[in-house]
Amino acid sequence: MRIRIPVRVSVCAPNHHFFLSLLLVFGLLTFPAQRLWGVNCSVVKHGAPSDAEKALMAGDYAKAEELFRAAVSAHPEDTDALVGLVRTLLLEQKVLDADEAVHAAQGSVDATKATAQTGARAATLLTLKGEVLLREGKPWEVEKTVLDSYKLDSCNPLTRLLFAKFAEVNSRYATARQQIDLAHQFDPEDPQIRAAWIHTLPLPQRTTEMGSFLAAPNGEDPNSLLQMKAELERWKKQDAEPSRVCRLTSAEMSAEIPFIKLLGYAGHTRASGLEMTVNSTQARLQLGAGQGGLTVYRPVAERAGLKRLSEIETAASPGGKPTYTAYADSIKLGNLEFHNCTVNVIDASSPFDDGDGNLDIDVFSDFLLTVDYPMRKLSLAPLPVRPSQASAEKPSLHTDRNADAEIANPQATDRYIAPEMKDYTQIYRAGKSLILPAVLTGEKAKDPASAPIKLFILDLGTPETNVSFGVAFDVSKVHEQNSAYGSGKIKVADEITYNFAHMAQKVNGVVTTDTSMVSKENGMEISGFFGANTFQLLIMHVDYRDGLLKFEYIPNRGYKFE
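Counting in numbering that gives the first Met the number 0, the sequence shown runs from 0 upward without gaps.
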């Protein structure tokens, strides 16, 4: 069980003035803790764990769910049991059950009673509601729950953690770091808060804390534990090696690079790619998005004389291939040259005769990136200069797919929308993924105004847009047909119109897919992927740093090659 011990903490307390303005509330939420007036906050002190909490920490979710449900039924006012139940259900991917548990709890207590206990409980209920909304893929609805919860209990650590998650997917990395730090101040023993806090630490401390975290029961599922252990081993090796940043050494900071065609089986074009020189060896890399970084297969790594930095690592995810990291003295791309670059190597030969690896667009996250599909070219330019900067920062290539996320950067910044980018669309970021909200219409859902908003990952490496079966069935007729790849029967939506980023695109024959795994990995319900057949007529401008995206359509813009 958990109790709160009153201590002096620098944080703001609710007052009548900021109830008048959501803007002021957000200002107080994000104001540096040491600059706020001191109040008596309650830092959580954990007592002896219940049997349900022991089961949760041991990863026995079925038993934990059973025990937490019994506790909530016997004691509806037990907030800790409710928190445990909702967390367990979300870990089990039972999102609808978690939603029902929160709604049932909200109906069991009069949240308008003006008592400190009820206020704290109501704040926790709102925060749990926000957690479920985020996992349901509705991040735009999370903001209000955070603000309402904060008004009731400004020191609630779960509210701070939720705000950090919301800020991170909105490219507000400085705010996310700050809120995680506050959540950890209020409850340093909560395993989810502690895991988030560990990822913000400097590398040596991060390695020590993660080792301690993994040495005790923590409630993570087996796949997450496997990934964390692999992460810890990478951190240890990284801490023992000199720092490597793929620095731009040429004077130019802009470039135009033509696409190349990559051929698959039977001579068919399978993808677009870029040609680059790794050390002195030419490499033809497929252009994509999702996995992150620059990856080559072992034969080209050996031809280029890449220096191995790690031992071969078994894939942390099912179906993955063994990999290792290596070091390239130089990488040349168009008129740009970079030195001291970490490269990911797949310890196998390429399955394609034409293609040496993959290059994901997050590699260019220090640039303003333009992907011009009609003219088959990639353009790189400096990002807009922030008001706090004297000049544009010299960009680097983010070639290491295992590199720390933005939240681990001590110089983490919040989204900046330059005046010249006011017509860009704000999108969501989760790890390497660019996530676009879209409204889907079709024969069953013809009115965009009443259609729900769904989230889709932008994936340059996917040839065709796909959609989850449930979403497809809600908007379109669905039929079954033979797979073009000989893998049996597939279900296909007849016709769906995607409304996204001030664009509308009708796609016929949309293949359905299972998005449960990618939804779990991104912490939000993902309804599918945007593939090349959706954006192949568009010019796409991407600002990774600020989570901004813009599409352009120019009629009759010709293809450079076909």
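Heads up, the beta-carbon is just placed ideally off N, CA and C, and yes, glycines get one too.
Note to self: Here's a check: name, in chain order, each residue in its chain whose Cβ is nearer than 7 Å to the Cβ of D545, leaving out the five neighbours to either side.
What the structure shows: Numbered from 1 along the sequence shown, position 546 holds the residue referred to as residue 545. Correct list, in chain order: S170, R414, Y415 and I416.
Exercise. Tell me, which residues are paired with F366 by DSSP?
Worked result: Here residue 366 refers to the residue found at position 367 of the sequence shown. DSSP, once it has assigned bridges, lists P381 as partnering F366.
Going by C-alpha to C-alpha distance, which of A327, D328, I311 and Y326 sits closest to K320?
Sequence index remark: in the sequence shown, residue 320 carries index 321 (1-based). Residue I311 is the option with its Cα nearest to K320.
- Query: Cα separation between D98 and A122?
  - Reply: What you label residue 98 is simply residue 99 of the sequence shown in a count that begins at 1. What you label residue 122 is simply residue 123 of the sequence shown in a count that begins at 1. One C-alpha to the other measures close to 16 Å.
- Message: Tell me the rounded alpha-carbon separation between L562 and A444.
- Response: Only positions 0 to 561 of the chain appear in the structure, and residue 562 is not among them; the question remains open.
Three or more C-beta pairs below 8 Å linking the stretch 194 to 202 and the stretch 440 to 454:
no
Report yes or no: do the stretch 351 to 367 and the stretch 136 to 147 share at least 3 C-beta pairs separated by less than 8 Å? no
*Own chain, CB closer than 6 Å to K393, minus 5 neighbours either side, in chain order*: Numbered from its first residue, the sequence shown carries residue 393 at position 394. Correct list, in chain order: L247.
Checklist entry - Where does D238 sit, in a helix, a strand or coil, going by DSSP? => result Start at 1 with the first residue of the sequence shown, and residue 238 comes out as number 239. D238 falls in the helix class under three-state DSSP.
Review point. Three-state secondary structure (DSSP) at K44?
Key: Position 45 of the sequence shown, counted from the start, is the residue given in the question as residue 44. Looking at K44 - three-state DSSP - the assignment turns out to be strand.
In or out: K44 buried (at least 16 other Cβ within 10 Å) or exposed? Numbered from 1 along the sequence shown, position 45 holds the residue referred to as residue 44. With fewer than 16 other Cβ atoms within 10 Å, it is exposed.
Tell me which residues share the same chain as L238 and place their Cβ nearer than 7 Å to its Cβ, disregarding the 5 neighbours each side in the sequence.
Here residue 238 is taken as the residue at index 239 of the sequence shown, counted from 1. What sits at residue 238 in the sequence shown is Asp, not Leu. These residues qualify, in order along the chain: L202, P203 and T206.
| query | What's the C-alpha gap between L132 and I330? | reply | For the purposes of this step, residue 132 is identified with residue 133 of the sequence shown, where counting begins at 1. For the purposes of this step, residue 330 is identified with residue 331 of the sequence shown, where counting begins at 1. Each residue's Cα considered, the two are about 43 Å apart.
- How is I553 classed by DSSP in three states: helix, strand or coil? Walking along the sequence shown from the start, residue 553 turns up at place 554. I553 falls in the coil class under three-state DSSP.
| What are the start and end residues of the beta strand (DSSP E) that includes D328? | Stepping through the sequence shown from its first residue, residue 328 is reached at position 329. Counting along the chain, the beta strand (DSSP E) containing D328 begins and ends at T322 to L332.
For this session: Output the distance between the C-alpha atoms of T511 and S279, rounded to the nearest integer angstrom.
Result: On the sequence shown, residue 511 is found 512 positions in, with the first residue counted as 1. On the sequence shown, residue 279 is found 280 positions in, with the first residue counted as 1. One C-alpha to the other measures close to 43 Å.
Exercise. Please classify Q92: does DSSP put it in a helix, a strand, or coil?
Key: As a working note, residue 92 is residue 93 in the sequence shown. Looking at Q92 - three-state DSSP - the assignment turns out to be coil, as it is neither helix nor strand.
Fill in: Whole-angstrom distance between P187 and A531, CA atom to CA atom
Here residue 531 refers to the residue found at position 532 of the sequence shown. Here residue 187 refers to the residue found at position 188 of the sequence shown. Roughly 45 Å between the two C-alpha positions.
Closer than 8 Å by C-beta to D355: which residues in its own chain qualify, once you throw out the five before and the five after it? Chain order, please. Here residue 355 is taken as the residue at index 356 of the sequence shown, counted from 1. Hits under 8 Å: A282, R283, L284, V295, Y296, P298, V299 and S349.
Assuming L88 and D77 are in contact, meaning their beta carbons sit under 8 Å apart, how far apart are those beta carbons, in whole angstroms?
Against the sequence shown, residue 88 aligns to sequence position 89. Against the sequence shown, residue 77 aligns to sequence position 78. Contact doesn't hold; Cβ gap of about 16 Å is too wide.
Entirely enclosed beta strand (DSSP E) segments - the stretch 466 to 542, minimum 3 residues: 477 to 481, 488 to 499, 502 to 512, 527 to 529 and 538 to 542
C-alpha gap between K93 and N498, whole angstroms: For this step, residue 93 is matched to residue 94 along the sequence shown. For this step, residue 498 is matched to residue 499 along the sequence shown. Their Cα atoms are separated by approximately 29 Å.
Practice task
State the DSSP-derived secondary structure class of T461, mapped to helix, strand or coil.
Solution key: Along the sequence shown, one-based indexing puts residue 461 at 462. Reduced to three states, the DSSP call for T461 is coil.
Looking at C-alpha atoms only, which residue of G46, R556 and D542 is the closest neighbour of S432?
Mapped onto the sequence shown, residue 432 falls at position 433. Selected option, being the one with the closest Cα: D542.
Open item on the list: For the stretch 504 to 524 against the stretch 375 to 385, do three or more pairs of beta-carbon atoms, one drawn from each stretch, fall closer than 8 Å, so that the two count as touching?
Closed with: no
*Could you check if D399 is buried or exposed, using at least 16 other CB atoms within 10 Å of its CB as the buried criterion?*
Translated into the one-based positions of the sequence shown, residue 399 becomes position 400. So D399 ends up on the buried side.
Straight-line gap, D565 to T313 (C-alpha atoms, nearest Å):
For the chain, the structure presents residues 0 to 561; residue 565 sits outside this window and is missing.
Discussion item. Contact defined as beta carbons within less than 8 Å: I believe T464 pairs with T514. What is the distance between those atoms, to the nearest angstrom?
Written reply: Numbered from 1 along the sequence shown, position 465 holds the residue referred to as residue 464. Numbered from 1 along the sequence shown, position 515 holds the residue referred to as residue 514. Rounded, the Cβ-Cβ distance is 13 Å, inconsistent with contact.
- Query: Smallest Cα separation from Y149: which of Y172, A175, G118 and K164?
  - Reply: Against the sequence shown, residue 149 aligns to sequence position 150. Answer by Cα proximity: G118.
Note to self: Taking the alpha helix (DSSP H) that R428 belongs to, which residues open and close that run?
What the structure shows: Looking up residue 428 in the sequence shown gives position 429. Here R428 belongs to no alpha helix (DSSP H); instead the beta strand (DSSP E) covers Y427 to A429.
Terminal residues of the beta strand (DSSP E) in which L157 lies: The residue labelled residue 157 in the question sits at position 158 within the sequence shown. That residue, L157, is in no beta strand (DSSP E); its alpha helix (DSSP H) goes P156 to V168.
message: Buried or exposed, going by whether 16 or more other CB atoms sit within 10 Å of the CB of S526?
response: Position 527 of the sequence shown, counted from the first residue, corresponds to residue 526. The residue is buried, with at least 16 neighbouring Cβ atoms inside 10 Å.
Requested in this report: Give the DSSP bridge partners of G343, in chain order.
Outcome: Counted from its first residue, the sequence shown places residue 343 at position 344. It should be pointed out that residue 343 corresponds to Asn in this sequence rather than to Gly. In the DSSP output, where bridge partners are listed per residue, N343 has T294 and T324.
Discussion item. Beta-carbon within less than 7 Å of E255's beta-carbon, same chain only, minus the 5 sequence neighbours each way: which residues are those?
Written reply: The residue labelled residue 255 in the question sits at position 256 within the sequence shown. Result list for E255: G333, K376 and S378, in chain order.
Within a Cβ cutoff of 7 Å, which residues of the same chain sit near A302, ignoring the five residues on either side of it in sequence?
One-based indexing of the sequence shown puts residue 302 at position 303. Residue identity differs from the one stated: residue 302 is Arg in this sequence, not Ala. The residues are T280.
Worksheet item: If you drop the 5 nearest sequence neighbours on each side, which residues of the same chain put their C-beta closer than 7 Å to that of G210?
Response: Taking the first residue of the sequence shown as 1, we reach residue 210 at position 211. Taken in chain order, the residues that qualify are L231.
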